[in-house]
Ligand SMILES: COc1ccc2cc(-c3cnc(C(=O)NCC(=O)O)c(O)c3)ccc2c1
Ligand SMILES: [Mn+2]
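In my numbering, the protein residues as written are 43 to 287.
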């Protein structure tokens with residue numbers, strides 16, 4: 043129902059990296075959004091899910107809570123996810139680490155394959171740690187926002203969803219992207235083993251609609267070399283907080 047937006051692509055274990063990278067380049071270039079289903083396959087997807095559930099039960103997640111006006115009584119929360127940042131080398135993160143290197147592979151090779159090593163005119167040379175997020179249900183959400191509105195260096199948002207049997211009609215939690223320059227929206231259900239890429243800047247405002255069941259995702263943000271250097275230079279010169287992750 044995306045009309046001009048991409049249809050999500052069902053990966054097959056036989057898909058070569060070349061085919062996957064080609065699709066990422068095509069969809070990112072044409073739509074700025076790319077959806078890959080069956081990304082790891084059920085078995086490895088479940089192993090990642092189990093590691094995330096164990097992490098969540100261990101209590102290391104902290105509130106990513108930002109409230110619009112902490113002083114106000116009706117503090118309308120901007121977002122109500124719980125998060126933890128990991129680099130994947132921690133104990134009990136073996137399968138999350140494999141996921142991260144799989145995504146690194148695809149992004150870095152797609153960036154090289156794209157015409158003269160650029161995808162969307164970026165040269166990608168690094169990323170943030172992985173942010174493991176849980177929207178604990180009972181209406182937790184994230185208001186419409188842009189991940190990187192002020193050139194902090196992040197060019198691609200990569201989100202891996204872990205939610206078995208997720209039914210948006212019953213549990214909400216839809217990711218709605220509002221691509222710039224069109225009144226068409228991209229509605230992306232946070233279904234198990236789905237991989238999503240989109241440009242992190244103002245081209246893709248998006249929101250997480252209220253979730254009524256626990257909703258897990260792992261997000262990586264990839265850096266464009268030049269934009270990141272520029273952001274860090276500003277940070278040093280003016281002491282401006284550029285996204286520290
Ligand atoms: C400096 O410290 C922090 C700590 C945590 C931060 C988390 C986000 C964030 C941004 N976007 C989304 C999102 O769009 N999720 C879409 C989906 O789950 O489908 C999300 O869940 C979380 C942004 C900045 C942060 C800065
Ligand atoms: Mn976001």
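Beta carbons are placed, not taken as given, at the ideal position from N, Cα and C, and that holds for glycine.
By the neighbour-count definition (other C-beta atoms within 10 Å, threshold 16), residue 189 is a buried residue.
For residue 138, the closest of 240, 244 and 235 by C-alpha to C-alpha distance is 235.
Listed in chain order, the non-local C-beta contacts of residue 80 below 7 Å within the same chain comprise 52, 53 and 235, local neighbours out to five positions each way being set aside. Ligand 2 has no heavy atom closer than 7 Å to the beta-carbon of residue 183. Between residue 261 and the set 219, 142 and 152, the nearest pair of CA atoms involves 142. The DSSP assignment places complete beta strand (DSSP E) segments of no fewer than 3 residues inside the segment 236 to 270 at 236 to 241, 248 to 253 and 257 to 266, in order along the chain. The three-state secondary structure of residue 182, taken from DSSP, is strand. Annotated three-state conformation of residue 172 is strand, per DSSP. When only Cα atoms are considered, residue 265 and residue 127 end up about 17 Å apart. Within 7 Å of the C-beta of residue 152 there is not a single heavy atom belonging to ligand 1. Under the three-state reduction of DSSP, residue 76 is assigned to strand. Contact annotation: residue 204 and residue 259 have beta-carbon atoms nearer than 8 Å. Residues of the same chain with a CB within less than 8 Å of the CB of residue 93, apart from the 5 flanking positions on each side, are 134, 135, 136, 137 and 138 in chain order.
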